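Undergrad:
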Amino acid sequence: MKDSGRVQAAIDLLHEVVLAAKNNGAAAERIIASYFKTRRFIGSKDRRYIRDLVWDCIRLIGERPVSGRAAMLAMVDAGHVDAALFDGSEYGPAVIKDIEERAAPSILSAGLRQYFASIILQSDNVEEELSALLGRASLDIRAKNDAVIAQKITENLEQAAPIHNVPNGYRLDNGFNIIDHDLYKNGMVEVQDAGSQMIAHAANARPGMTVLDLCAGAGGKTLAMADAMSEGGLLKGRLIAADTNRARLQQIPDRAARAGYENIEQRLINPRRELEILGDLTGACDIVMVDAPCSGTGTWRRQPEGRWRLTPKILSQLTDLQFYLLRLAATLVKPGGAIIYATCSLLEDEGGKQIEGFLQSNKNFLPEKIDAALGRPHLNGRILTPFHDACDGFFYSRLRHKG
Ligand SMILES: C[S@@+](CC[C@H](N)C(=O)[O-])C[C@H]1O[C@@H](n2cnc3c(N)ncnc32)[C@H](O)[C@@H]1O
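Using full-length UniProt numbering, you'd call the opening residue of the sequence shown number 1 and step up by one each time.
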């Protein structure tokens, strides 16, 4: 493939990503994968070139561009792509006109910046904090809490470096193929970002408890809590994974079986009718984990096109849902029990402000200090950021029912 053809292919892909961002469509990663799946004739070198160009371009532009071509013109303006490649050839992009709409480079839109947590906006390193949101994500794994497994990792996975201040957390080079490693296949390690691991820790789940993971997804935090609830390799107590998304929930049995936990309950719930399925747990849970749907501003390292999706309307729908889920959790937790609220977002509305609002209208709950060496305390909870903590960005809080 000529370079001009590669640039046009990247423009086509970017255009699909722009439309998906506008219409709440598929993630960029999925779009790129399916593009190449239907074009098997594109060789591996060309694929890599096109893929890198698309990701570099997405990272460069903070605000949704009008088109794939406008996005690529920003790459030209920034000196990353040679204007001569817009050569009007059969497979190449049309020659650049004097007046053409082009995107502008930025980390994020000016309108979005104001929503970030005050601890970031008022920090001496605000620019570094914001640029780190688009940095390269690491590949983190969580090992089962077991001295024998720790020894096996030292012996058989010498590439894994223990993550400072994250118990049982290890970091690998990004491209490392952990999925085919025996330690993964045998359920001794799971892929999980260090930040997510810290949130599961904060739940402080123990054997014998009744624990509900209300937004369990594919079970990342459920499995970490199963480990904390196990004795002699067996899960003791009740661990219930609930979610409104069937496809995500269906991934839990295989993952749980690999980790050796057969008795995790799964419940598919209907949005706004959750108590039809969860009613029996009313006032019965020692811990309710609310890992709520959010804007994902803390995970832009993995999904940088998330910046092109977020609108004030979407943010407001998300904060409404988060508040609703917090109130729902309050009815499910037992007197003396705790809610762990988390979002992979660094926006105040989805973090500290959300908890403030909840505590104002739920006088039965008190925020609890979280013992953790990673992150910083912030507004009745803790905040983790890619710049400060080298993990995805999160806000999390622990709320104790007064009993
Ligand atoms: C941040 S993700 C959870 C990630 C998961 N806890 C993990 O550690 O991998 C949020 C989840 O909330 C789910 N969700 C959305 N609306 C919900 C509702 N009304 N009740 C429960 N879960 C909901 C979504 O389907 C999504 O899987």
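Built from N, CA and C at the ideal position, the CB exists for glycine as well.
On a predicted model such as this, the values are computed, not experimentally measured, just so you know.
Can you tell me the Cβ-Cβ gap for A224 and Q251, rounded? I've got them flagged as a contact below 8 angstroms.
TA: That belief does not hold up - the Cβ atoms of A224 and Q251 are roughly 15 angstroms apart, past 8 angstroms.
Undergrad: In chain order, what residues of the same chain have a beta carbon less than 8 angstroms from the beta carbon of T282, not counting five sequence neighbours either side?
TA: L275, T331 and L332
Undergrad: When the Cα atoms are used, what is the spatial distance from Q192 to A103?
TA: 34 angstroms
Undergrad: DSSP state of Q266, grouped into three classes?
TA: strand
Undergrad: Is any non-hydrogen atom of ligand 1 found closer than 7 angstroms to the C-beta of C215, if you look at the structure I gave you?
TA: yes
Undergrad: G279 by DSSP, collapsed to three states: which one?
TA: helix
Undergrad: So what's D392 in DSSP terms, helix, strand or just coil?
TA: coil
Undergrad: Whether or not the stretch 115–133 and the stretch 44–58 are in contact is what I'm after, with contact meaning three or more pairs of Cβ atoms, one per stretch, closer than 8 angstroms; do they touch?
TA: no
Undergrad: What does DSSP give as the partner residues of P162 in its beta bridges?
TA: Y170, per the DSSP bridge assignment.
Undergrad: Quick one: what's S230 bridged to in DSSP?
TA: L235.
Undergrad: Please confirm whether any heavy atom of ligand 1 lies closer than 7 angstroms to the CB of N362.
TA: no
Undergrad: Let's see if you can read the secondary structure: which residues bound the beta strand (DSSP E) around L344?
TA: One detail in the question is off: residue 344 reads as Cys in this sequence, not Leu. Note, C344: premise wrong, no beta strand (DSSP E); not H, not E.
Undergrad: Identify the residues that DSSP records as bridge partners of C285: which are they?
TA: DSSP output for C285 lists V333 as bridge partner(s).
Undergrad: Would you report the Cα separation of E356 and L399, rounded to the nearest angstrom?
TA: 11 angstroms
Undergrad: Is the beta carbon of G337 less than 8 angstroms from the beta carbon of D286?
TA: yes
Undergrad: Should C344 be counted as a contact of ligand 1 given a C-beta to heavy atom distance under 7 angstroms?
TA: Result yes, Cβ under 7 angstroms from ligand 1.
Undergrad: Span of the beta strand (DSSP E) holding P377?
TA: R376 to H378
Undergrad: Measuring CB to CB, does L172 end up less than 8 angstroms from I153?
TA: Between L172 and I153, the C-beta gap is not smaller than 8 angstroms, which leaves the two residues out of contact.
Undergrad: Quick check on DSSP: helix, strand or coil for V18?
TA: helix
Undergrad: Hey, how far is the Cα of E90 from the Cα of S109?
TA: Their Cα atoms are separated by approximately 35 angstroms.
Undergrad: Which term fits I50, buried or exposed, when burial requires 16 or more other beta carbons within 10 angstroms of its beta carbon?
TA: buried
Undergrad: Starting from A143 and walking both ways along the beta strand (DSSP E), at which residues does that stretch end?
TA: Boundaries of the beta strand (DSSP E) around A143: L139 to A143.
Undergrad: I need the DSSP call for D213, collapsed to helix, strand or coil.
TA: strand
Undergrad: Please classify P304: does DSSP put it in a helix, a strand, or coil?
TA: helix
Undergrad: Please identify the residue among I99, P335, K369 and P167 whose C-alpha is closest to the C-alpha of K363.
TA: P335
Undergrad: Three Cβ pairs or more, each shorter than 8 angstroms: is that satisfied between the stretch 363–372 and the stretch 240–258?
TA: No: the two stretches stay apart, fewer than three of their Cβ pairs being nearer than 8 angstroms.
Undergrad: Pull the bridge partners of D291 from the DSSP assignment, please.
TA: A342
Undergrad: Are the beta-carbon atoms of I339 and I119 separated by less than 8 angstroms?
TA: no
Undergrad: Using alpha carbons as the reference points, say which of E190, E350 and L315 lies closest to L326.
TA: It is E350 whose Cα lies nearest to the Cα of L326.
Undergrad: In or out: P93 buried (at least 16 other Cβ within 10 Å) or exposed?
TA: That one is buried.
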